[in-house]
Amino acid sequence: MTDTRSYWVQTLDQIARPVFEAAASNQLPQVMKRYTDSLASPLEAFARSFAGIAPWLELEEVPAAEGALQAEYREMAQQALAYLSDPANDQRYFFTNEPGVSDQALVDAAFLAHGLLRAKTQITAKLPQTVKDQLIQALKSSRNIVHHNNNWILFSAMVEAGLDVLGSDFDLMRIDYGIQLINRWYKGDGIYGDGEEFANDYYNSFVIQPFLVDLIKRYPIIVTNAKIYDKELPDLVMKRATRFAQYQELLINCDGTYPVYGRSMCYRFGCFQHLAQACLEDFLPVDVTPAQVRSGLTAVIRKVMSAKSNFDDHGFLTVGVFGAQPDMGEPYINVGSCYLALQVMLPLGIPADQAFWQAPEEDWSAKKIWSGQLTHRDHAYHEFPGL
Numbered sequence: 001m002t003d004t005r006s007y008w009v010q011t012l013d014q015i016a017r018p019v020f021e022a023a024a025s026n027q028l029p030q031v032m033k034r035y036t037d038s039l040a041s042p043l044e045a046f047a048r049s050f051a052g053i054a055p056w057l058e059l060e061e062v063p064a065a066e067g068a069l070q071a072e073y074r075e076m077a078q079q080a081l082a083y084l085s086d087p088a089n090d091q092r093y094f095f096t097n098e099p100g101v102s103d104q105a106l107v108d109a110a111f112l113a114h115g116l117l118r119a120k121t122q123i124t125a126k127l128p129q130t131v132k133d134q135l136i137q138a139l140k141s142s143r144n145i146v147h148h149n150n151n152w153i154l155f156s157a158m159v160e161a162g163l164d165v166l167g168s169d170f171d172l173m174r175i176d177y178g179i180q181l182i183n184r185w186y187k188g189d190g191i192y193g194d195g196e197e198f199a200n201d202y203y204n205s206f207v208i209q210p211f212l213v214d215l216i217k218r219y220p221i222i223v224t225n226a227k228i229y230d231k232e233l234p235d236l237v238m239k240r241a242t243r244f245a246q247y248q249e250l251l252i253n254c255d256g257t258y259p260v261y262g263r264s265m266c267y268r269f270g271c272f273q274h275l276a277q278a279c280l281e282d283f284l285p286v287d288v289t290p291a292q293v294r295s296g297l298t299a300v301i302r303k304v305m306s307a308k309s310n311f312d313d314h315g316f317l318t319v320g321v322f323g324a325q326p327d328m329g330e331p332y333i334n335v336g337s338c339y340l341a342l343q344v345m346l347p348l349g350i351p352a353d354q355a356f357w358q359a360p361e362e363d364w365s366a367k368k369i370w371s372g373q374l375t376h377r378d379h380a381y382h383e384f385p386g387l
């Protein structure tokens, strides 16, 4: 195992272990009461962690040095999924908008579903049928939550994909509606609006494009008598996704910092989920190499992890971007929310013998530019000829 991959695995373990150990021992709801009164927080913490490490759990062959750790996390994931979906469990996880939960339950039902999709062979398919049935009922119960008219439409869509991968009946129209509406909000140059208006934040990476890419790949044509444009949409979605991945790579500064703007920045390096997914699913731009992205993302991870107060005395993440900065958290942010940070770990689902891990270190775009190296210019992406 390369030193870089080893560092990524160690960082994954440092962040995820407190959540997974508590969830696997049926203690997470009780533990989260230490931090917040929100009844949504246990599902937030586990679902976001699970979605981030799911590709690593799904990987069939890992280096010997990480094999035992992967096996441990697979077992903890199975145990946690059994507990969190058990309707008789007194340590309850909430999937409906009951008092103290609010509509947040839909959000993290969707992240849980995304994890089930990303680890469909090694985790989801191997669940006992009783646990699958419990998860099906839990996900279906989130249908009573009306999505907001923004990126939330993809949460409803992803829940249906989760039901599908569990072997349940599911509603294709909810998926189709989410895809079609997000497409209607496309603003150009690889970026979607978060609703009708453009929002200058990281939600194209936190939610919109990672969800849209995985949904469009699984359901490329899902409407009856699809129009020609519908048949072209999967290709357009992937071209836009490639452009947005290029934009994300350009955001990594020479020292591993990155612009902090817009809401939900306490998700830390989870803001690079889309770039991480582009590496995992192989849709990087042709002029951006896996090695330069690995080098850039490693610099980001090292920079963020160098803060001395990222974790509390119990090992859980603190609210902040660089260490504990509680005033940077929006009212909807709690400790559980912060585990979206683990989405940066998606490339651990890439086999260790592939170029992402094996190619020599390479400067990312900012380092090339600001050290005077010869490099290419950036240019906009247009979908219409002649622009």
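For the sequence shown, UniProt numbering begins at 1 and goes up steadily by one.
Glycine residues also receive a C-beta, built at the ideal position from the N, C-alpha and C atoms.
Small disclaimer: the values here were computed from a predicted structure and weren't measured.
If Q209 and F244 are in contact, beta carbons under 8 angstroms, what's the gap, nearest whole angstrom?
A Cβ-Cβ separation of about 6 angstroms places Q209 in contact with F244 under the 8 angstroms criterion.
What does L317 pair with, by DSSP beta-bridge criteria?
Assignment of beta-bridge partners to L317 by DSSP yields F311.
Span of the alpha helix (DSSP H) around K217
Boundaries of the alpha helix (DSSP H) harbouring K217: Q209 to R218, taken from the DSSP string.
Can you check the region 161 to 217 for any beta strand (DSSP E) of at least 3 residues that lies completely inside it and give the ranges in chain order?
For the region 161 to 217, the continuous beta strand (DSSP E) assignments of 3+ residues that do not extend past its boundaries occur at 186 to 188, in sequence order.
At a cut of 8 angstroms, does the region 24 to 36 reach the region 369 to 383 through at least three beta carbon pairs?
Contact fails: fewer than three Cβ-Cβ distances are below 8 angstroms.
Could you pull out every residue in the same chain whose Cβ sits closer than 6 angstroms to the Cβ of A24, ignoring the five residues on either side in sequence?
Only M76, Q79 and A80 meet the Cβ criterion.
Should the region 165 to 174 be regarded as contacting the region 236 to 243, the criterion being three or more beta carbon pairs within less than 8 angstroms?
Judged by Cβ distances under 8 angstroms, the region 165 to 174 makes no contact with the region 236 to 243, as fewer than three pairs qualify.
If I'm right that I216 touches I179 with Cβ under 8 angstroms, what's the distance once you round it to whole angstroms?
Going by Cβ atoms, the distance from I216 to I179 rounds to 6 angstroms, so yes, they are a contact pair.
Does the Cβ of E44 have 16 or more other Cβ atoms within 10 Å, making it buried, or fewer, making it exposed?
Result: buried.
What would DSSP say about C271, mapped onto helix, strand or coil?
Three-state result, C271: helix.
If we ignore side chains and look at the alpha-carbon of each, how far apart do K368 and L250 end up?
Rounded to the nearest angstrom, the two C-alpha atoms are 11 angstroms apart.
Proximity below 8 angstroms, CB of A138 to CB of S85:
For the 8 angstroms CB-CB criterion, A138 and S85 form a contact.
Using alpha carbons as the reference points, say which of V319, L166 and W152 lies closest to L116.
Its Cα nearest to that of L116, the residue L166 stands out among V319, L166 and W152.
Use the C-beta contact count for A314: other C-beta atoms within 10 angstroms, 16 or more gives buried, fewer gives exposed.
The amino acid at residue 314 is misidentified as Ala; the sequence shows His. H314 should be labelled exposed.
Mapping the DSSP letters down to three states, classify residue 388 as helix, strand or coil.
No statement about residue 388 is possible, as the shown extent of the chain runs from 1 to 387 and does not include it.
Leaving out the 5 sequence neighbours to the left and right, which residues in its chain are closer than 7 angstroms to N150 when beta-carbon positions are compared?
So the qualifying residues of the chain are D194 and G195.
Could you check how far apart the C-beta atoms of F95 and S41 are, in whole angstroms? I think they sit under 8 angstroms.
Rounded, the Cβ-Cβ distance is 14 angstroms, inconsistent with contact.
Nearest candidate by alpha-carbon position, reference D255, set A278, E61 and A299:
Checking every option, the nearest Cα to that of D255 belongs to A299.
Does the beta-carbon of N334 have 16 or more other beta-carbons within 10 angstroms, so that it is buried, or is it exposed?
Result: buried.
Return helix, strand or coil for C338, following the three-state DSSP convention.
Helix, per DSSP.
L212 and residue 420 - do their beta-carbons sit closer together than 8 angstroms?
Because the chain here runs from 1 to 387, residue 420 falls outside it and cannot be looked at.
Mark P259 as exposed unless 16 or more other C-beta atoms lie within 10 angstroms of its C-beta, in which case mark it buried.
Exposed.
Residue span of the alpha helix (DSSP H) that contains V19, given as start and end:
Counting along the chain, the alpha helix (DSSP H) containing V19 begins and ends at D3 to A24.
Under the three-state DSSP convention, the category E330 falls into
Here E330 carries a coil assignment [DSSP, helix/strand/coil].
Could you say which of V319, Q248 and S309 lies nearest to L284 if we only look at CA atoms?
Taking only the C-alpha atoms, the option nearest L284 is Q248.
Going by DSSP in three states, Y83 sits in which element: helix, strand or coil?
In the three-state DSSP reduction, Y83 falls in the helix class (H, G or I).
Hey, how far is the Cα of L387 from the Cα of Y381?
Summary for L387: the model assigns pLDDT 44, below 50, so the residue's position carries little reliability, and this model does not support an answer.
The alpha helix (DSSP H) enclosing F111, as first and last residue numbers
Its alpha helix (DSSP H) spans residues Q104 to R118.
Under the three-state reduction of DSSP, which class applies to N144: helix, strand or coil?
In the structure shown, N144 adopts helical secondary structure according to DSSP, grouped into three states.
E98 versus L280, I145 and L59, residue with shortest Cα-Cα distance
Among L280, I145 and L59, the Cα nearest to that of E98 belongs to I145.
State the Cα-Cα distance for the pair I191 and N204, rounded to the nearest angstrom.
Near 7 angstroms, if we compare the C-alpha coordinates of N204 and I191.
In chain order, what residues of the same chain lie with their CB nearer than 7 angstroms to the CB of Y73, ignoring the 5 residues before and after it?
Residues of the same chain with a CB within less than 7 angstroms of the CB of Y73, apart from the 5 flanking positions on each side, are F20, I53 and L57 in chain order.
Hey, which unbroken runs of the alpha helix (DSSP H) at 4 residues or more fall wholly within the region 345 to 370?
For the region 345 to 370, whole alpha helix (DSSP H) runs of length 4 or above, ordered along the chain, are 355 to 358 and 365 to 370.
Smallest Cα separation from G336: which of G323, E383, L163 and S49?
For the set G323, E383, L163 and S49, the Cα lying nearest the Cα of G336 is the one of S49.
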